[in-house]
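A.B. asks: Attaching a single structure in structure tokens format; questions to follow.
In our numbering, the protein residues as written are 1219 to 1486.
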């Protein structure tokens, strides 16, 4: 018996060692990617800043259009870079949500405006449709992650929409004490998703294994799905081929009172 245990330990040691080496290698790769991404983001942010400064000077309408395209393209490229970095962090379980005050309407306007240049080039419309008036102006949560999810969903819709429009709508699901649950809806008049792929995508959103999401929707949807779960919600999708698609997700935020503290509200 003692001999068998000793032999088993001897056999398992190389496995434990190999697992440890893999984990160390993954951590090193994640750190390297994070460091390089920080350098790239610094330069890209400078490009955006210099573009803004140039737009404040006297330029022709044609030059203004070119500069606007540069700014918009740089922002979208920055989003792609953030997605790559965040995917690496998610795989390593290192993504946390911040809890800071933000203006929900300003956040939504900023995301929608990111896609105006691309929409103009495709001759489609990207617009903010409506927001429930009962939603508080100031919320507590991670506005950066919210913008990331919305930009991924809007970007996905813009990519597959060749005519018509992409709209964003926000509904109020409920307010309980100092928490508010919102539902975000991104709709498009794009090519739609074939039924067989739609079934797989819906299945991917509802199960822990996100392989199908990545295969059908790319890294952006995979990241969005994980972030939405951290926000206390889920992503749902409905689509009809040739008609368009609708992506919905719910998210929970804190409510900031007038005195700068959490307010207490009743369930609607």
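For every residue, glycine included, the Cβ atom is placed at its ideal position computed from N, Cα and C. Since the model is a prediction, treat every value here as computed from it, not as a measurement.
Rounded to whole angstroms, what is the Cα-Cα separation between residue 1388 and residue 1380?
C.D. replies: Taking the straight line from one Cα to the other gives about 24 Å.
A.B. asks: Skipping 5 residues on each side, what residues in its chain have a beta carbon closer than 7 Å to that of residue 1343?
C.D. replies: So the qualifying residues of the chain are 1337, 1383.
A.B. asks: Assign residue 1282 to one of two classes, buried (16 or more other C-beta atoms within 10 Å of its C-beta) or exposed (fewer than that).
C.D. replies: It counts as exposed.
A.B. asks: Count the other C-beta atoms from every protein chain shown that fall within 10 angstroms of the C-beta of residue 1375, then say buried if there are 16 or more, exposed otherwise.
C.D. replies: It counts as buried.
A.B. asks: Taking all protein chains shown into account, do 16 or more other C-beta atoms lie within 10 angstroms of the C-beta of residue 1372, making it buried, or fewer, making it exposed?
C.D. replies: The residue in question, residue 1372, is buried, as its Cβ has 16 or more Cβ neighbours within 10 Å.
A.B. asks: Nearest CA to the CA of residue 1452: which residue from 1392, 1274, 1294, 1467?
C.D. replies: Comparing Cα-Cα distances from residue 1452 to each of 1392, 1274, 1294, 1467, the minimum goes to 1467.
A.B. asks: Would you call the stretch 1292-1305 and the stretch 1318-1327 in contact, with 3 or more CB pairs under 8 Å?
C.D. replies: Flag = no, the stretch 1292-1305 and the stretch 1318-1327 do not touch.
A.B. asks: Please determine if the stretch 1403-1410 and the stretch 1260-1278 are in contact, where contact requires at least 3 C-beta pairs separated by less than 8 Å.
C.D. replies: Not touching, per the Cβ criterion.
A.B. asks: Helix, strand or coil for residue 1467 per DSSP?
C.D. replies: In the structure shown, residue 1467 sits in a strand (DSSP, three-state: E or B).
A.B. asks: Might you give, ordered along the chain, the residues of its own chain that have their beta carbon closer than 7 Å to the beta carbon of residue 1259, omitting 5 neighbours on each side?
C.D. replies: The residues are 1296, 1299.
A.B. asks: What's the C-alpha gap between residue 1447 and residue 1329?
C.D. replies: One C-alpha to the other measures close to 20 Å.
A.B. asks: Could you have a look at residue 1266 and say whether DSSP puts it in helix, strand or coil?
C.D. replies: DSSP places residue 1266 in helix when its eight states are reduced to three.
A.B. asks: Given residue 1304, which residues of its chain have a CB within under 6 Å of its CB, disregarding the five upstream and five downstream residues?
C.D. replies: Cβ within range, chain order: 1441.
A.B. asks: Looking only at its chain, what residues have a beta carbon closer than 8 Å to the beta carbon of residue 1360, apart from the 5 residues adjacent to it on each side?
C.D. replies: Excluding sequence neighbours, residue 1360 sits near 1315, 1316, 1317, 1318, 1449.
A.B. asks: When the Cα atoms are used, what is the spatial distance from residue 1364 to residue 1351?
C.D. replies: Between residue 1364 and residue 1351, the C-alpha separation is close to 19 Å.
A.B. asks: Would you kindly check if the distance between the Cβ of residue 1404 and the Cβ of residue 1471 is under 7 Å?
C.D. replies: No. Outside cutoff.
A.B. asks: Helix, strand or coil: how does DSSP classify residue 1392 here?
C.D. replies: Residue state, collapsed to three classes: strand.
A.B. asks: Do you know whose CA, among 1261, 1455, 1402, 1257, lies nearest residue 1347's CA?
C.D. replies: Nearest of 1261, 1455, 1402, 1257 to residue 1347, Cα basis: 1402.
A.B. asks: Is it the case that the Cβ atoms of residue 1191 and residue 1289 are separated by a distance below 7 Å?
C.D. replies: Residue 1191 lies beyond the stretch modelled for the chain, which goes from 1219 to 1486, so this question has no answer here.
A.B. asks: Do residue 1345 and residue 1286 count as a contact pair if the criterion is CB distance below 7 Å?
C.D. replies: No, the pair does not count as a contact, with Cβ atoms beyond the cut-off.
A.B. asks: Please look up how many angstroms separate the CB atoms of residue 1439 and residue 1370, rounded, as I've assumed it's under 8 Å.
C.D. replies: With 8 Å as the limit, residue 1439 and residue 1370 qualify as a contact, their Cβ atoms being about 6 Å apart.
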